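Novice: Which chain is which? The protein sequence lines are U and P, in order. Note that this note's numbering gives residue 64 to position 64 of the first sequence, counting from 1, and the numbers run on in steps of one. Note that this note's numbering gives residue 1034 to position 34 of the second sequence, counting from 1, and the numbers run on in steps of one. Please read through the structure below; I'll follow up with questions.
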Amino acid sequence: MDVSIRKVRKEFDRFPALRDVSLDIRSGELIALLGPSGSGKTTLLRLIAGLERPTAGAIYFGDEDASHKTVQERNVGFVFQHYALFRHMTVADNIGFGLKVRPGATRPTKTEIGRRASELLDLVQLSGLEKRYPAQLSGGQRQRVALARALAIEPKVLLLDEPFGALDAQVRRELRRWLREIHDATGHTTVFVTHDQEEALELADRVVVMSQGQIEQIGTADDIYDTPNSPFVYGFIGESSSLPVRIGNGELWIADRTIGLPAPDVADGDATLFFRPQDVELLDGCGGCIAGTVAATRRVAGTRRVELEIGGERQRVEIELPVGHPASQQSRVAFRPRRYRVFPARAA
Amino acid sequence: MALEATSALPDRSASANLSGVRKGRYISATTESPATKAVLIGTALIFLLLFLVLPLAAVFVEALRKGAGEFLASFGDPDTQAAIRLTLLVAVIAVPLNMVFGIAAAWAIAKFEFKGKAFLTTLIDLPFSVSPVISGLVYVLLFGAGSVLGPWLKSHGIEILFAVPGIVLATIFVTFPFVARELIPLMQDQGTGDEEAALSLGASGWQAFWYVTLPNIKWGLLYGVLLCNARAMGEFGAVSVVSGHIRGFTNTMPLHVEILYNEYNFVAAFAVSTLLAGLALVTLVLKSFLEYRYGDEIAASKKH
C-alpha cells in the first residue's frame, strides 16, 4: 500500500510539531524516520496511524484520502515504543485481540484465532509461549509479541515507534536483522521511527532525516551518508568537522590564503566547510592546504583522532590519522579534505 | 575498558574500608539506637491501644454485657431491622452510582486534556473538605419547603427530604470522592498507551474500555468501592440532617444507634454498633488483603 503524505502540518497548542511535511512511501518499502528528539518523527508516525489528526494537509493510503478516517478504519499495525502489551492477557490473547474485537460477521472463530496466534508466534520465533503473560517475557520477547499482535490484523501499513529503543545493544542488533527478514518475508509497507542513525542506515531502504518538524533529506543510506544536503544532516549523520571559510573567485579561503579547494557553485561570501574526519589526505608542504597545530589526540579503535587548531582564531577541527603517524602535541599537520561540501554561512 | 577497571579498583576497596564499619561493627546509616526504637514503638502501641483497640473492644463488651440472648434479641426489633434494611438499600443505590461516576471522572481527568481540569479535580475533593452537616443542609436548602424546588416537588407528590431519596442523595454526595480519588492516580500512571494499542488493533471505544481499561483498573476500583461502601453505610452527619429520624422509615443504622443510646437502651445500641464495627473490620481485612495481593497496582493511588 502506497502512503502519501501531502503538506501535513500539525500544531500542539499552536506550537508547530510538523511544518508542511510531504513524503511518498512506496508499497513494500522499509522507511526509517530519523531525527533527534523533538524533530517531529513520532508525531508523523502517529499521524499516519490516525492516532493524531493533522492541523492541515492530507494523508493518502493508495488513492484514498485517509485523513479523516479513524485509527480503526485505517487498519494499520502499530508497535508502541514500550510495546503496550495487555498485561492481564496471555501472549496468545494479546496477539488474537485484534481478531477478537472484529464485528461478528468478519470475526474468526475462537479456534481460528488461536491458530492464527500460534502461526504468528512461529513467525516471530516464540513458539510455545502462548500461555505466558507479558510480565514473564524478556524485553526482546515482548517486542516480538508486540509485532506479532500488530501483524495479526493483516495491516496495510506497519508502523513502529522506536522499536528497539528499550533493548540492550546485543538484542538490538539481533532484532534489527530479524525485523529486516520479517519485512522481506511479509512484504508490508513499513515505517519505523528511530534516533539511532546506525539502525536507520543499516535497516531501511530509504531514510528520512528530520529536524525541527521538517524533512531535511530523503534518500538511501549511501545518499544520506555520502552526500548530505544540509549542515544539519552533515552534523547529525556520521562524524563531521566544520570550519568557517570565505568564498572568493570560486575558491575557498581561510583568512588570507586559499586552501586549494574549488567551490564553483557557491556565491562569494562567508561560508562553512564540512568534511568527514576520515576523508582527508595528508600533505607535506603547504601550498594550498589547511594547516594547524595538534591540540589533542585520542586513540579511537584502529585509528587516531587529532584535534587541530587552525589559523589565528584557533578554530578546532578533527581529522583522522593512521596510528603510525608521528604527529604529537604542538606539531604541525597539513591536510586537504578529499570530499567536502560548502554551505553559505546563513544556512549553517 | 581496561583503564576504567584499574581506576575503579582502588576506589572500591577504599570505600569498603571506610563506610559503615566503625569499631568493627556494621551500622546502617538509617538505624536508630535501641532506646529510641523502644520509645517510638512503645508510643505508637500505647496510642493504638487507648484510642483504637479499647473503644472497639468496649463496643463488643457493652453489647454482650447482659448475655448473648439479650444481644440477639435486640436484632428482633422491627425498627432495628428496618434500619438495617434501609442502610443496605442506600448502599446498594449509592455505591454503584458513585462507581460509575468515579470511573467517568477519573477517565476524563486521567486521559484527556481540557480547560478547567484542575478545577474539576478540586471539586471532586469538595465532599471531603466540607463538614457532613453542611452537605446535608445543602439538600434541605435545595428541596425543603422554603426552597425554590420545594413547592413544585410537593405539588407533584415527590418526597425527597425526610424520605429515602434525600438519604440516598446525601450519601452519594458524601461518598462521591472515594472511587474517583482511588482511580485518578492509577489511570494517570497507566497513561493512554494500552487504549491506543487496542484502538489501533480495531477495537471500538467501548471494547477498549471493557477489555483493556477495566481489567487494568479493577483492583484499584474494588479498593475504592470498598472504602466507598464503608462510608456509605456508616455516614451519620449528612444523613442525620435530611432523614428526619422517622423510626422504621428513615432511620439508617448509625442514626438508629444514636436513638437507642439516647433512650438508655445500651445493649441494643451497642448490638447495632457491633454490626457497623464488624463492617469496618471486614473492610479493613479486605483492604489489607487487596494491598498485600495487588500492592503494586494500588501503590500509585492515594491512601486514606
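Virtual Cβ for every residue (Gly too), placed ideally from N, Cα, C. Computed from a predicted structure; not experimentally measured.
With H, G and I counted as helix, E and B as strand and the rest as coil, what does DSSP make of Glu281 of chain U?
Specialist: In this structure, Glu281 of chain U counts as strand in the three-state DSSP scheme.
Novice: Considering only residues of the same chain and omitting the five flanking positions on each side of Lys1287 of chain P, which have a CB-CB separation below 8 Å?
Specialist: Hits under 8 Å: Tyr1223, Leu1226, Leu1227.
Novice: Are the C-beta atoms of Ser1200 of chain P and some chain U residue less than 8 Å apart?
Specialist: yes
Novice: If we require 4 or more residues per run, which alpha helix (DSSP H) segments fall completely within the region 137-174 of chain U?
Specialist: 139-152
Novice: Does DSSP put Ser127 of chain U in a helix, in a strand, or in coil?
Specialist: If DSSP states are grouped into helix, strand and coil, Ser127 of chain U belongs with coil.
Novice: DSSP puts Met210 of chain U in a beta bridge; with which residues?
Specialist: U:Ile215
Novice: So, does the CB of Phe15 of chain U fall closer than 8 Å to a CB anywhere in chain P?
Specialist: no
Novice: So, does the CB of Ala1118 of chain P fall closer than 8 Å to a CB anywhere in chain U?
Specialist: Taking 8 Å as the CB threshold, Ala1118 of chain P stays off the interface with chain U.
Novice: Got a sec: is the Cβ-Cβ distance from His88 of chain U to anything in chain P below 8 Å?
Specialist: yes
Novice: What does Arg149 of chain U reach in chain P if we use C-beta pairs closer than 9 Å?
Specialist: Ala1197, Leu1201
Novice: Excluding the 5 residues flanking Arg46 of chain U on each side, which residues of the same chain have their C-beta closer than 7 Å to its C-beta?
Specialist: Glu52
Novice: Decide if Leu988 of chain P is buried, meaning its Cβ has at least 16 other Cβ atoms within 10 Å, or exposed.
Specialist: Here chain P has residues from 1001 to 1304 only, and residue 988 of chain P is not among them.
Novice: Just tell me which of U:His188, U:Gln214, U:Phe78 has its CA closest to the CA of Arg9 of chain U.
Specialist: U:Gln214
Novice: Take Leu1052 of chain P and list the residues in its own chain whose beta-carbon comes closer than 7 Å to its own, dropping the five residues that flank it on each side.
Specialist: Cβ neighbours of Leu1052 of chain P within its own chain (closer than 7 Å, five residues either side excluded): none.
Novice: Around the Cβ of Asn249 of chain U, are there at least 16 other Cβ atoms within 10 angstroms (buried) or fewer (exposed)?
Specialist: exposed
Novice: Which chain B residues are close to Gly98 of chain U, counting only those with a beta carbon under 7 Å from its beta carbon?
Specialist: Among the chains of the structure shown, chain B does not appear; the protein chains present are U and P.
Novice: Going by beta carbon distance, what residues of the same chain come within less than 8 Å of Leu1169 of chain P, once the five residues before and after it are set aside?
Specialist: Tyr1139, Ile1160, Val1242
Novice: Could you pull out every residue in the same chain whose Cβ sits closer than 7 Å to the Cβ of Arg26 of chain U, ignoring the five residues on either side in sequence?
Specialist: Asp2
Novice: Just the Cα atoms here: how many angstroms apart are Val1212 of chain P and Ser1204 of chain P?
Specialist: When rounded, the distance between both Cα atoms is 11 Å.
Novice: Since Leu120 of chain U contacts Ala148 of chain U with CB under 8 Å, what's their CB separation in whole angstroms?
Specialist: 4 Å
Novice: The beta strand (DSSP E) spanning Phe232 of chain U covers which residue range?
Specialist: Not the beta strand (DSSP E): Phe232 of chain U falls in the alpha helix (DSSP H), residues 231-236.
Novice: Alpha carbons only, please: which of P:Phe1112, P:Ser1131, P:Ile1259, P:Pro1177 is nearest the one belonging to Val1100 of chain P?
Specialist: P:Pro1177
Novice: Could you spell out the range, first to last residue, of the alpha helix (DSSP H) harbouring Gly1220 of chain P?
Specialist: Segment 1214-1234, the alpha helix (DSSP H) holding Gly1220 of chain P.
Novice: Cβ atoms of Ala271 of chain U and Arg246 of chain U: under 8 Å apart, would you say?
Specialist: yes
Novice: Do the CB positions of Glu251 of chain U and Arg338 of chain U come within less than 8 Å of each other?
Specialist: no
Novice: Could you give the DSSP three-state label for Glu64 of chain U: helix, strand or coil?
Specialist: Residue state, collapsed to three classes: strand.
Novice: Under 8 Å, Cβ to Cβ, is there at least one residue of chain U near Pro1215 of chain P?
Specialist: yes
Novice: Could you tell me which uninterrupted alpha helix (DSSP H) segments, each at least 4 residues in length, are contained entirely in the region 283-323 of chain U, listed from first to last along the chain?
Specialist: Listed in chain order, there is nothing to give.
Novice: Considering Cα atoms alone, identify which of P:Asn1265, P:Lys1066, P:Gly1234, P:Ala1180 is closest to Gly1102 of chain P.
Specialist: Considering only alpha carbons, the answer is P:Ala1180.
Novice: Please return the same chain residues whose Cβ sits closer than 7 Å to the Cβ of Leu1142 of chain P, not counting the five positions on each side in sequence.
Specialist: Leu1149
Novice: Would you identify the three-state DSSP class for Thr189 of chain U, choosing helix, strand or coil?
Specialist: strand
Novice: With a CB to CB cut of under 7 Å and the five nearest residues on each side skipped, what residues in its chain are close to Pro262 of chain U?
Specialist: Within the same chain, Pro262 of chain U has close Cβ partners Gly250, Glu251.
Novice: Touching or not, the region 132-143 of chain U and the region 188-199 of chain U, by the rule of three or more beta carbon pairs under 8 Å?
Specialist: With fewer than three CB-CB distances shorter than 8 Å, the region 132-143 of chain U does not count as touching the region 188-199 of chain U.
Novice: Would you report the Cα separation of Asp20 of chain U and His195 of chain U, rounded to the nearest angstrom?
Specialist: 21 Å
Novice: Are there 16 or more other CB atoms within 10 angstroms of the CB of Pro1078 of chain P, so buried, or fewer, so exposed?
Specialist: exposed
Novice: Let me check understanding here. Comparing Cα to Cα, which of P:Glu1263, P:Thr1175, P:Thr1030 lies closest to Ser1129 of chain P?
Specialist: Distances from the alpha-carbon of Ser1129 of chain P to those of P:Glu1263, P:Thr1175, P:Thr1030 put P:Thr1175 closest.
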